[in-house]
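Just so you know, the numbering used here puts the end of the sequence shown at 51, numbered straight through with nothing missing.
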Amino acid sequence: MSKNESVARLLDAGKLIFAVLASKEWQDEWLKLSVKVFYLDH
Numbered sequence: 010m011s012k013n014e015s016v017a018r019l020l021d022a023g024k025l026i027f028a029v030l031a032s033k034e035w036q037d038e039w040l041k042l043s044v045k046v047f048y049l050d051h
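In structure tokens form, the structure reads like this:
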């Protein structure tokens, strides 16, 4: 399962999610962002 698929499934299930930027780093011409994703399950 890809990282994006996990988040997509949470959104499809109606979960409230948010992300916090953990780090950023330039890799050649790309800016790599690492985020921590959280969700609330009521």
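The beta-carbon is built from N, C-alpha and C at its ideal position, and this holds for glycine as well. Just so we're clear, the structure is a prediction, and the values are computed from it rather than from any experiment.
1) Where L20 and L40 are concerned, what is the direct C-alpha to C-alpha distance, given to the nearest angstrom?
2) Quick check on M10: buried or exposed, where buried means 16 or more other Cβ atoms within 10 Å of its Cβ?
3) State the beta-bridge partners of A28 as determined by DSSP.
4) Roughly how many whole angstroms lie between the Cα atoms of A22 and H51?
5) Where does E14 fall in DSSP's three states?
Reading off the structure:
1) Residue numbering aside, residue 20 sits at position 11 when the sequence shown is read from its first letter. Residue numbering aside, residue 40 sits at position 31 when the sequence shown is read from its first letter. Those two C-alpha atoms are separated by around 25 Å.
2) For the purposes of this step, residue 10 is identified with residue 1 of the sequence shown, where counting begins at 1. Residue placement at M10 cannot be trusted, given a pLDDT of 49 that sits under 50; what the coordinates show is reported in the next sentence. When all chains shown are included, M10 counts as exposed.
3) Taking the first residue of the sequence shown as 1, we reach residue 28 at position 19. As computed with DSSP, A28 is found in a beta bridge with V46.
4) In the sequence shown, counting from the first residue as 1, residue 22 sits at position 13. In the sequence shown, counting from the first residue as 1, residue 51 sits at position 42. Here the alpha carbons of H51 and A22 stand approximately 12 Å from one another.
5) In the sequence shown, residue 14 corresponds to position 5, counting from 1. E14 falls in the helix class under three-state DSSP.
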